[in-house]
Structures are given as C-alpha cells and as structure tokens.
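Here the sequence shown stands for residues 1 to 326, numbered as in the UniProt record's numbering.
Even for Gly, the Cβ is constructed at its ideal location relative to N, Cα and C.
Computed from a predicted model, the values in this text were never measured in an experiment.
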Amino acid sequence: MAQVQLWDVLQVHAYGYITVASTILWVYEYLITLDKEVRFIWSRPMSLGKISFYMIRYFPFATGSAILYITVAHTSETATSLDRCHIVFVTLSCFIFFEDLVAYGLLLIRVYAVWKSECNTRSIKVKIICGAVVTSYFLYTAGSAYIEAALIQGQERWCPDPLQRSAITTKVILAIRLDKTRKRQICIHVTTNDRIWIAYVLRIVLEMTVLCLLVAKAIINRRHAYFRNGLLDVMIKDVNIFILRDTSEFIRDCLPPLQGFLHCILTNRMQFHICAVNEERTQLYPPGRRQYVLADLRAVKTSGIGAKFSKSRFIWPLKQCRGQKE
1 MAQVQLWDVL
11 QVHAYGYITV
21 ASTILWVYEY
31 LITLDKEVRF
41 IWSRPMSLGK
51 ISFYMIRYFP
61 FATGSAILYI
71 TVAHTSETAT
81 SLDRCHIVFV
91 TLSCFIFFED
101 LVAYGLLLIR
111 VYAVWKSECN
121 TRSIKVKIIC
131 GAVVTSYFLY
141 TAGSAYIEAA
151 LIQGQERWCP
161 DPLQRSAITT
171 KVILAIRLDK
181 TRKRQICIHV
191 TTNDRIWIAY
201 VLRIVLEMTV
211 LCLLVAKAII
221 NRRHAYFRNG
231 LLDVMIKDVN
241 IFILRDTSEF
251 IRDCLPPLQG
261 FLHCILTNRM
271 QFHICAVNEE
281 RTQLYPPGRR
291 QYVLADLRAV
301 KTSGIGAKFS
311 KSRFIWPLKQ
321 CRGQKE
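Next up, the structure:
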C-alpha cells in the first residue's frame, strides 16, 4: 500500500506540472494574440459567432483557475477531505466539458456559414446536411455527458484497497497525508474505467462529418475562381489532426485539461486566420466591386461578362438578356 501511495504522489506532482504548464501556455497564447482580438473582433457587431468566440477565448481562464487551485491550494496547510476533492473534480470536469462543447459548436457555426446560401431552400440535400450536423453534435454531447456522469458518480464509493478499485468503482479519490506534522494532503484522481473511448469515437464521427461537409461544398464550387485562396479554401486546408496512440492510464488522466487548452488555442487561431484572409480579400476587392462580381456570376448584370467567361455557360443567358433589352 505504501508503494502504491508513493507512486500516486509522484504522479500527482507530475500531473500538477503538466496542468500548470498548460495554463501558462494558455496565458502566453492569450497575450500574444490580444492585438488580433482587438483588430478583428472588437469592432464587429454582436452575433452568435462573436459570443461563441468570447466563450472559447475567456472560459479557459476559469479552467486554469480551477487547475491552479487543485495544484496549489490542495497541497497547502489545510486538511483535504474526500468530499472536497469530489467537488473540485466535478467542477473541473464540467469546465472542460463545456469548453469542448463550445469549441465544437463554433466549428458547426463555421459549417453553417459555408452552407447558409442554400439553407433557405427546401431541398432534400439541405435537410440531410442539417440533420447530419445536428445529429452528430447531439450524439457527441449525449455520449460525452454520459461518460462524464459515469466517472463522477463512481466517486461516491471509495475502496481502500487499490487492487479492488477497478472492480468496485469507476473513479477513486484518495486523500493522502504527506506530512503528519503539517497535515498536508492532496487529491489523487485515479481513472479505472475504459468507457472513455466512446467519447473519442463520437468526437471522430463529428469531426469527419464537418470535414465531409466542407469538402462537399468545395467540390460543388470548385469551378468558381473567386473560391480559390478564399475562406472556404482556408477552412478545408486548416484542420486538426488526430493521433491515436495507446498510452498509460496516468497519461490519459493528464490529457483532458491539456487537450481542452490546445483545442481552444487551435480554434482561436483558426478564427484569427479566417479574419485575416477576409481582410485581405476586402482590400483586394472593395465592397462595390465584390457585389458587382457576384452579380455577374449570378447573371444579373451583363456588362463585362463575355470577356471573362467566353467559354462558359453564362454566355447564352447573357445573350438572351441582351436580346430582351434590345
């Protein structure tokens, strides 16, 4: 038992180092990208996308505060009970779960922005797309909530024998007294459940659904020159990569806070990159010129289109419109 507790204490210290480093990484990322936030976000009108961005941008500070509290306060000169460990773990788990849902919600808003030109139609294709997005997000939310609830409920029972943990509980919290004179205690979270793979499978399904929708939209609009090097092209090329690897239980327990921070960082970077590309396109094509080009592509305005699309299908409708004007 002493050897197991000593190994748990060493793991907790390593976990503290990883989580504190993740929090510092997030603060550093926030400081170096604050100028981009002021430049691209502050002047925009309030919308659902802006609210989601602010939630992803600032909610990790709450997660970082909880992590620092677990790492620092629970090793101070105060007694740590199992109930206190349970409350802190539930709070941190809810923070990470909320971060994940908001990040994927913003990802789906990005897909809606790409497909919104066709969302007003009542075609079967639009219904299938909306159904796939909503269903995948609902399944991911429900599956992740189920896994999180199973882990949290398992903490209500505690087995003193570490060899019987996997057979009795889903989650175990140990309050170990490090120093008898100073009464220093720490919380140790031991994961003894492998059902977390369900959440990872649902996450991969959601990511693949979003990627397939973006690729499908790119294939549909591949003939239009104004989509090249545009926002849609950026959304397809800038993706996250999943690396599947078999790791130990300790590394698996350390990954959720780090993964939450990294996911928020990548999402914010993606938003800033899209804003930068949009600003560059705005400088190249002023608002009046952009409207004129889009109107020409829709065969509403007829001037100057024959030279651009001399071999395209737009010639016949334009000639017909010119004949009607004459």
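Taking the straight line between their C-alpha atoms, what separation do you get for residue i and residue j?
i, j, result
"residue 261", "residue 199", "18 angstroms"
"residue 209", "residue 265", "22 angstroms"
"residue 278", "residue 272", "10 angstroms"
"residue 259", "residue 24", "14 angstroms"
"residue 216", "residue 149", "36 angstroms"
"residue 341", "residue 64", "Absent from the model: residue 341. The displayed extent of the chain is 1 to 326, so no value can be given."
"residue 42", "residue 219", "34 angstroms"
"residue 21", "residue 31", "15 angstroms"
"residue 59", "residue 214", "27 angstroms"
"residue 49", "residue 109", "7 angstroms"
"residue 114", "residue 62", "32 angstroms"
"residue 275", "residue 40", "6 angstroms"
"residue 55", "residue 67", "18 angstroms"
"residue 44", "residue 146", "37 angstroms"
"residue 19", "residue 33", "21 angstroms"
"residue 257", "residue 267", "16 angstroms"
"residue 197", "residue 212", "22 angstroms"
"residue 92", "residue 195", "19 angstroms"
"residue 100", "residue 221", "31 angstroms"
"residue 132", "residue 52", "21 angstroms"
"residue 98", "residue 35", "26 angstroms"
"residue 26", "residue 84", "26 angstroms"
"residue 90", "residue 57", "22 angstroms"
"residue 13", "residue 28", "22 angstroms"
"residue 94", "residue 269", "24 angstroms"
Classify residue i as helix, strand or coil using the three-state DSSP reduction.
i, result
"residue 33", "coil"
"residue 166", "In this prediction, residue 166 scores a pLDDT of 35, lower than 50, which makes its location untrustworthy; no coordinate-derived value is stated."
"residue 268", "helix"
"residue 328", "Given a span of 1 to 326 for the chain in the structure shown, any question on residue 328 remains unanswerable."
"residue 203", "helix"
"residue 195", "coil"
"residue 221", "coil"
"residue 105", "helix"
"residue 124", "helix"
Within 10 angstroms of the Cβ of residue i, are there 16 or more other Cβ atoms? Answer buried if so, exposed if not.
i, result
"residue 17", "exposed"
"residue 127", "exposed"
"residue 280", "exposed"
"residue 263", "buried"
"residue 134", "exposed"
"residue 206", "buried"
"residue 38", "exposed"
"residue 15", "buried"
"residue 87", "exposed"
"residue 111", "buried"
"residue 137", "buried"
"residue 124", "exposed"
"residue 10", "exposed"
"residue 129", "buried"
"residue 96", "buried"
Say the cut is 7 angstroms; is the CB of residue i nearer than that to a heavy atom of the ligand NAP?
i, result
"residue 58", "Annotation note on the ligand NAP: not contained in the displayed structure, which lists no ligands."
(message) Between the region 126 to 144 and the region 93 to 104, can you find at least three pairs of beta-carbon atoms closer than 8 angstroms?
(response) yes
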